[in-house]
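In UniProt numbering, the protein residues as written are 1 to 312. Working notes, structure below.
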């Protein structure tokens, strides 16, 4: 598919509930249409929202309005040094994602609201107080980094990198200088603490303990969780650990092998690269359009799909 001339997304600033200014971009069709959904794209941990711009173009070209944004301390939502900067995973969901949900309702009144969440972005989709307004969700490799869920072949190396070296460097610097090291963007210390704490439940992560009851069950969306078999973070155990929190949603987990789309590897980050717009992006598009999967869209074996009904 050849995308049309890229629209000029509108830059915006949106205050979170604590007045922290968030930055992002909006792809907006010129005419209001109450049937047209607006899609919020939640980024992975310390990945800038610009990484998802071509995917936003694709959704826009297929009839959606789109919002991308950065969490506090990242990209468009960073101002100054991160040394001593206060931010956590729960801040990114409870404050930042919630602010964008509120913005979507205000800027696109009456339109359906969908969410695409990459990695931690899928977890953030369940942390907003207004989660009940979400119609459909697509997550890609979404989990919250419990080390025992990492792919067995690289588990000890990943444990050393993300749960030993990263927190040690963060303790020395007051933040994680990821950009200098070539490990994602610079990352606030509170986010590093949440990521590296070796507990299997979100509510026992440092910022999770401050939340009391978690808001995931407010989400009643049709939910598609996409995982890739060579994603070392997105194993079946990791994906289903997060899906278990969305117990009011109808959940479908679609597991794809790179060979299913004629590739040798895809991994954790490649899904949103434009080279996959004809092979992987239509899966997400079809779900956002119809809330279901079709075999002609997937081109893969149906035994890679299963449904999990909401719990009563």
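Glycine included, each C-beta is placed from N, C-alpha and C at the ideal position. Bear in mind the structure is a predicted one, so any value in this text is a computation, not a measurement.
Taking the continuous beta strand (DSSP E) assigned at residue 21, which residues delimit it?
21-27 is the span of the beta strand (DSSP E), which, as asked, contains residue 21.
Buried or exposed: where does residue 231 fall if 16 or more other Cβ atoms within 10 Å of its Cβ makes it buried?
Buried, by the Cβ-count rule.
Are there 16 or more other CB atoms within 10 angstroms of the CB of residue 115, so buried, or fewer, so exposed?
Burial check for residue 115: the Cβ neighbour count within 10 Å reaches 16 or more, so the residue is buried.
Going by DSSP, name the residue or residues bridged to residue 222.
DSSP lists 136, 250 as partners of residue 222.
Could you give the distance in angstroms between the alpha-carbon of residue 99 and the alpha-carbon of residue 293?
Those two C-alpha atoms are separated by around 30 Å.
By DSSP, does residue 14 sit in helix, in strand, or in coil?
DSSP places residue 14 in strand when its eight states are reduced to three.
For residue 146, which option in 24, 194, 176, 137 has the closest C-alpha, if you only look at C-alpha atoms?
If we check each option's Cα against that of residue 146, 194 comes out closest.
Once you ignore the five residues that flank residue 14 on each side, which residues in its own chain have a CB closer than 6 Å to its CB?
Residues 22, 99, 103 of the same chain have their beta carbon placed closer than 6 Å to that of residue 14, with the five preceding and five following residues left out of the count.
Please report how far the alpha carbon of residue 312 lies from the alpha carbon of residue 202, in whole angstroms.
Low confidence applies here, because residue 312 scores a pLDDT of 39, under 50, leaving its location unreliable; read the following figure in that light. Distance between the alpha carbons of residue 312 and residue 202: 21 Å.
Within 10 Å of its beta-carbon, does residue 127 have 16 or more other beta-carbons around it, so buried, or fewer, so exposed?
Classified as buried, residue 127 has 16 or more neighbouring CB atoms from the shown chains inside 10 Å of its CB.
What separation, rounded to the nearest whole angstrom, lies between the Cα atoms of residue 75 and residue 287?
Distance between the alpha carbons of residue 75 and residue 287: 29 Å.
Since residue 123 contacts residue 144 with CB under 8 Å, what's their CB separation in whole angstroms?
In this structure residue 123 is in contact with residue 144, their Cβ atoms being roughly 5 Å apart against a cut-off of 8 Å.
For the region 176-213, list the alpha helix (DSSP H) runs that are entirely contained and at least 4 residues long, ordered along the chain.
Within the region 176-213, the complete alpha helix (DSSP H) runs of at least 4 residues are 178-181, 189-196.
At the level of alpha carbons, what is the spacing between residue 141 and residue 118?
Using only the alpha carbons, I get a separation of about 6 Å.
Residues sharing a beta bridge with residue 68, DSSP:
Beta-bridge pairing links residue 68 to 25, 41.
Taking residue 10 as the reference, which of 29, 18, 20, 62 has the closest Cα?
For residue 10, the nearest C-alpha among the options comes from 29.
Under three-state DSSP, which class holds residue 230?
Judged by DSSP in its simplified three-state form, residue 230 adopts coil rather than helix or strand.
Start-to-end residues for the alpha helix (DSSP H) that takes in residue 94:
No alpha helix (DSSP H) contains residue 94, which DSSP labels as neither H nor E.
Check whether the region 82-89 and the region 177-197 are in contact - that is, three or more C-beta pairs closer than 8 Å.
In short, these stretches touch, since the Cβ pair count reaches three.
Cβ-based neighbour list, residue 134, same chain, cut-off 6 Å, excluding 5 preceding and 5 following
Cβ within range, chain order: 113, 115, 219, 221.
If you follow the alpha helix (DSSP H) that residue 236 is part of, which residue opens it and which one closes it?
Going by DSSP, residue 236 is part of the alpha helix (DSSP H) stretching over 236-243.
Pop quiz: residue 38 and residue 111 are said to be a contact at Cβ under 8 Å. What is the actual Cβ separation, rounded to whole angstroms?
Contact holds; Cβ gap of about 5 Å.
Just to confirm my understanding: we take residue 241, look at its own chain, exclude 5 residues before and 5 after, and list those with CB closer than 8 Å. What are they?
Within the same chain, and ignoring the five residues on either side of residue 241 in sequence, the residues whose Cβ sits closer than 8 Å to its Cβ are 143, 144, 146, 149, 200.
Excluding five sequence neighbours on each side, which residues of the same chain lie with their C-beta closer than 7 Å to the C-beta of residue 237?
Taking residue 237 as the centre and dropping the five residues before and after it, the same chain places the C-beta of 149 closer than 7 Å to its C-beta, in chain order.
Three Cβ pairs or more, each shorter than 8 Å: is that satisfied between the region 260-278 and the region 41-61?
Cβ pair count under 8 Å is three or more, so yes.
Taking only runs that begin and end inside the region 104-173, name each unbroken alpha helix (DSSP H) of 4 or more residues, in chain order.
List check, alpha helix (DSSP H) in window: 120-124, 155-160, 166-173.
Under 8 Å, do residue 46 and residue 184 count as touching if we go by C-beta distance?
Cβ distance < 8 Å, so residue 46 and residue 184 count as in contact.
Can you say whether residue 301 is buried or exposed, counting buried as having 16 or more other CB atoms within 10 angstroms of its CB?
Per-residue confidence for residue 301 stands at a pLDDT of 45, beneath the threshold of 50, marking its modelled position as unreliable; the derived number appears in the next sentence. Exposed is the call here.
From the DSSP output, which residues share a beta bridge with residue 255?
In the DSSP output, where bridge partners are listed per residue, residue 255 has 227.
Straight-line gap, residue 314 to residue 210 (C-alpha atoms, nearest Å)
Any answer about residue 314 is impossible in this case: the structure gives the chain only from 1 up to 312.
Run the CB neighbour count on residue 198, radius 10 Å, all protein chains shown included, and call it buried at 16 or more, exposed below.
By the Cβ-count criterion, residue 198 is exposed, with fewer than 16 other Cβ atoms from all chains shown falling within 10 Å of its own Cβ.
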